[in-house]
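In what follows, a structure is listed as structure tokens, so that the remarks can point back to it.
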DNA sequence: AATTCATTAACCGCTACGGTCAAAAGAATT
DNA sequence: AATTCTTTTGACCGTAGCGGTTAATGAATT
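Chains as they are written, first to last, in the working numbering: chain A, 1 to 204; chain B, 1001 to 1204.
See the structure below:
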């Protein structure tokens, strides 16, 4: 695997993205090295040259994504936005930026959760315990309920925002709209909600 | 295929669900009859006895789901709710009820969209042209903009609701929460939005 | 008991998988 | 330009397992 790590970063990204994409789409067993190689635009033999075996590649990806997730959560902790809506937006921005750099990662991480092939099942638990979902951590942490208008249930607002965010993230998986456009739209929507759900006096 | 159609409905449902689930998860080529048979709790040979070939089974499912979709859209047309929010709720209810009866159908339909195996590619266009997405039809049809408060952009509201709905539907795919609970929560959220985004005089 | 029909285990030919390797194709060095 | 060294691949191997068939099993019907 040293061979692979000696490659220029850009090349590593291409290959890792191809592998994550294929593994994520069909799971460990049905993810064929030939598919991954084709997606990366290299020969099958070269993949084996870099990683030695399919299992090694898979485990490398788990470790790799785990590190990125951990670093992201860390980064999130540093931006201590006070306001509830701001937190949501920050979390979404972070996740979108990750998905921008590693477009296939979300699908890969999701697939790990369901993977049950005995060849790799045991090694998976490790990552799962570490890489908690970013959004939930943010959304569920101390909401300042007093800011909401009377009659507005904060739990429902959280639910709307979480599901809305999931919907936005989901739509990103396929299509071709730019990150910036999505993020702008997202911010506007969140603003609209804040403007109409917060009491007047808390609108900045 | 007459053999299959002669089966009790419940049995047909089990087998169709298993097939949709596997096809939907991994696509036509990597969906093995042995996997489908195992998921349905029957032998591989029996699947061939019912359908003759993998392709026949696949095409049958496309036709089958197409009919259900068409019937649903029809049913939707009959419930002419006047109000925008009500329309959203009605559409979501309809889709949830379909997903309740045919849990694997959403995934299967989604997968059809990306299917590019030459063995079945041509036959797929047929369904795609017919089975337009239910939500969009509803959401984008004549919105009564005048009801919204000043400063509330209806496009953003539609976006929030569509993405929120997608998020709700997506969460349904995995977990075990009951349809009713989801639907109740969903209605509450939509109500909350209406109560805060409509002008006072339109809140019934 | 003979007939019919649903169901399957065992099988067949063949595709294509994971993995190897010798050699082609480039770079770098002399 | 010849030589060495590294990167990359086409062709190959053994084998797992695919789509599909068939003979046999068993339950029900007459």
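All C-beta atoms in this analysis are idealised placements derived from N, C-alpha and C, irrespective of residue type, glycine included.
query	result
Completely contained alpha helix (DSSP H) runs for the stretch 1005 to 1048 of chain B, where each covers 4 or more residues	1009 to 1030 and 1033 to 1040
Simplified DSSP state of residue 102 (chain A), which is helix, strand or coil	coil
Beta-carbon gap between residue 1203 (chain B) and residue 1195 (chain B) smaller than 8 Å	yes
Three-state secondary structure assigned by DSSP to residue 134 (chain A)	At residue 134 (chain A), the pLDDT of 47 sits below 50, so the modelled position is not reliable; the number obtained from the coordinates is stated separately. Three-state result, residue 134 (chain A): helix.
Cβ contact check for the stretch 1061 to 1069 of chain B and the stretch 1033 to 1048 of chain B: 3 or more pairs under 8 Å	no
8 Å Cβ cutoff met for residue 163 (chain A) and residue 1171 (chain B)	yes
Sequence-distant residues of its chain with Cβ nearer than 7 Å to residue 1012 (chain B) (five each side left out)	1004
Residue burial classification, residue 153 (chain A) (beta-carbon count within 10 angstroms, cutoff 16)	exposed
DSSP bridge partner residues for residue 148 (chain A) (one or two, in chain order)	A:198
Neighbouring residues, chain A, relative to residue 1023 (chain B) (Cβ below 9 Å)	Going along chain A, no residue has its Cβ under 9 Å from residue 1023 (chain B), so there is no contact; the nearest lies around 12 Å.
Spatial neighbours of residue 1008 (chain B) in its chain, beta-carbon cut-off 8 Å, leaving aside the 5 residues before and after	none
Whether residue 50 (chain A) touches residue 105 (chain A) by CB criterion (8 Å)	no
Rounded C-alpha distance that separates residue 1098 (chain B) from residue 1186 (chain B)	16 Å
CA-to-CA distance, residue 1053 (chain B) to residue 1070 (chain B), given in whole angstroms	26 Å
Pair within 8 Å by beta-carbon distance, residue 1102 (chain B) and residue 1058 (chain B)	no
Assumed close pair residue 1167 (chain B), residue 1110 (chain B) - CB separation to whole angstroms, cut-off 8 Å	Rounded, the Cβ-Cβ distance is 15 Å, inconsistent with contact.
Rounded straight-line distance, which links the Cα of residue 55 (chain A) to that of residue 189 (chain A)	43 Å
Partner residues on chain A for residue 1153 (chain B), Cβ-Cβ distance less than 8 Å	188 and 192
Residue of B:1076, B:1100 and B:1083 minimising C-alpha distance to residue 1091 (chain B)	B:1076
Closest residue to residue 1150 (chain B) among B:1201, B:1159, B:1112 and B:1169 (Cα-Cα distance)	B:1201
For residue 33 (chain A) and residue 21 (chain A), the rounded distance between their alpha carbons	12 Å
Straight-line gap, residue 87 (chain A) to residue 78 (chain A) (C-alpha atoms, nearest Å)	12 Å
Any chain B beta carbon closer than 8 Å to residue 30 (chain A)	yes
Spatially closest choice to residue 1169 (chain B) from B:1089, B:1199, B:1116 and B:1191, by CA coordinates	B:1089
Exposure label - residue 114 (chain A); buried when at least 16 CB within 10 Å	exposed
Within chain B, partners of residue 54 (chain A) - CB distance below 7 Å	The contacting residues do not exist; residue 54 (chain A) stays about 16 Å from chain B at best.
Partners in chain A for residue 1164 (chain B), counting only beta-carbon separations shorter than 7 Å	160, 163, 164 and 167
Unbroken alpha helix (DSSP H) run spanning residue 1057 (chain B), endpoints	1054 to 1078
Nearest neighbour of residue 1031 (chain B), chosen from B:1122, B:1112, B:1161 and B:1123 [CA to CA]	B:1112
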